[in-house]
Amino acid sequence: MEQCRPYNLSKLLYYKVKFTPKKKRLSFIENINQDQEMWKDSDDLKDYRKGIVKSFSETVNDYAVAGADIGSKIGSIFGDAGENIGRAVGGVAGFFAGTAKAILDVFGGGSGGGWLRW
Numbered sequence: 010m011e012q013c014r015p016y017n018l019s020k021l022l023y024y025k026v027k028f029t030p031k032k033k034r035l036s037f038i039e040n041i042n043q044d045q046e047m048w049k050d051s052d053d054l055k056d057y058r059k060g061i062v063k064s065f066s067e068t069v070n071d072y073a074v075a076g077a078d079i080g081s082k083i084g085s086i087f088g089d090a091g092e093n094i095g096r097a098v099g100g101v102a103g104f105f106a107g108t109a110k111a112i113l114d115v116f117g118g119g120s121g122g123g124w125l126r127w
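Residue numbering for the sequence shown follows this note's numbering, starting at 10 and increasing by one per position.
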């Protein structure tokens, strides 16, 4: 018996990600099926892929902002210049600490190829 591809898998993932708290959203990325065939059948009512990427981007932004706030507080010990440098360094560190591995996996940095590219 031939196995059929799942229907509306992107819609299911879209709603799961949308209603998951931001701090937990990136946990989905490592477990997304990398086989592009699994994502082809959809109801085409909405661009679910775009919504998924937007949700993940919001989370990435939150990590960067949180890192910038922490860096700014630490840098303020050294005056205004230290605060500005701390904000910049903290933003970059927050981004990478929270999301670098996940983003690389989604966009093909791993061996799977990354379904979010199509």
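For every residue, glycine included, the Cβ atom is placed at its ideal position computed from N, Cα and C.
Assign residue i to one of two classes, buried (16 or more other C-beta atoms within 10 Å of its C-beta) or exposed (fewer than that).
i: residue 22; result: buried
i: residue 35; result: buried
i: residue 14; result: exposed
i: residue 64; result: buried
i: residue 41; result: buried
If I follow the unbroken alpha helix (DSSP H) through residue i, where does it start and stop?
i: residue 68; result: 57 to 84
i: residue 34; result: 31 to 34
i: residue 22; result: 18 to 27
Beta-carbon within less than 7 Å of residue i's beta-carbon, same chain only, minus the 5 sequence neighbours each way: which residues are those?
i: residue 49; result: 14
Once the 5 residues before and after residue i are set aside, which same chain residues still bring their CB inside 8 Å of it?
i: residue 46; result: 14
i: residue 77; result: 96, 97, 99, 100 and 103
i: residue 55; result: 20 and 23
i: residue 37; result: 22, 25, 26 and 29
Here's a check: name, in chain order, each residue in its chain whose Cβ is nearer than 6 Å to the Cβ of residue i, leaving out the five neighbours to either side.
i: residue 121; result: Note that residue 121 scores a pLDDT of 43, beneath 50, so its modelled location is shaky; the value from the coordinates is reported in the next line. Hits under 6 Å: 43.
i: residue 79; result: 99
i: residue 60; result: 23
(request) Report yes or no: do three or more beta-carbon pairs, one from the region 89 to 108 and one from the region 63 to 78, lie closer than 8 Å? (result) A contact exists between the region 89 to 108 and the region 63 to 78.
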